[in-house]
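Student:
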Amino acid sequence: MPNRLLKVNAYTTLDLVDAAARGHDFEDEAVAVLNVTSPRENPDHVKFQLELDNSHLESVPAHADEVTLSAEEARTVADALNSHAAKVEAADDAE
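Numbering-wise (full-length UniProt numbering), the sequence shown opens with residue 1 and increments by one.
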């Protein structure tokens, strides 16, 4: 990924996921980096970061999106992810 904004290393949560940037007049698909982290010292939040490979984006410039979550908000997202993952696994098992 040229001009990468997020560091990618052995601790990166997911280094190649399918993603899309959507707007009213466009949709660009690309692989992306998805990372979840918190400060090493005095952690007071969880950061959820997403950066699409800008070499495949035609409609938006290179950028990374970040969401800063409280511990409670991060647990809410984790619960939703677990719930939806269970639905996908159940559907796969049914096939």
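Glycine included, each C-beta is placed from N, C-alpha and C at the ideal position.
Starting from the C-beta of V31, find all residues in its chain whose C-beta is less than 6 Å away, skip the five residues before and the five after it, and write them out in chain order.
Tutor: L16 and D53
Student: Since K35 contacts T13 with CB under 8 Å, what's their CB separation in whole angstroms?
Tutor: For clarity, residue 35 is Asn in the given sequence; the question names Lys instead. For N35 against T13, the beta-carbon gap comes to about 5 Å, under 8 Å, which counts as contact.
Student: The beta strand (DSSP E) that contains N35, what's its start and end?
Tutor: Going by DSSP, N35 is part of the beta strand (DSSP E) stretching over E27 to T37.
Student: Please classify A80 as buried or exposed, where buried requires at least 16 neighbouring CB atoms within 10 angstroms.
Tutor: exposed
Student: Strictly by DSSP, which residues pair up with V46?
Tutor: L69
Student: Among E73, A19, V33 and F26, whose alpha-carbon lies nearest the alpha-carbon of residue 106?
Tutor: This structure gives no information on residue 106, because the portion of the chain shown stretches from 1 to 95.
Student: So, helix, strand or coil for A20, using DSSP?
Tutor: strand
Student: Measuring straight from C-alpha to C-alpha, what distance separates A86 and A19?
Tutor: 21 Å
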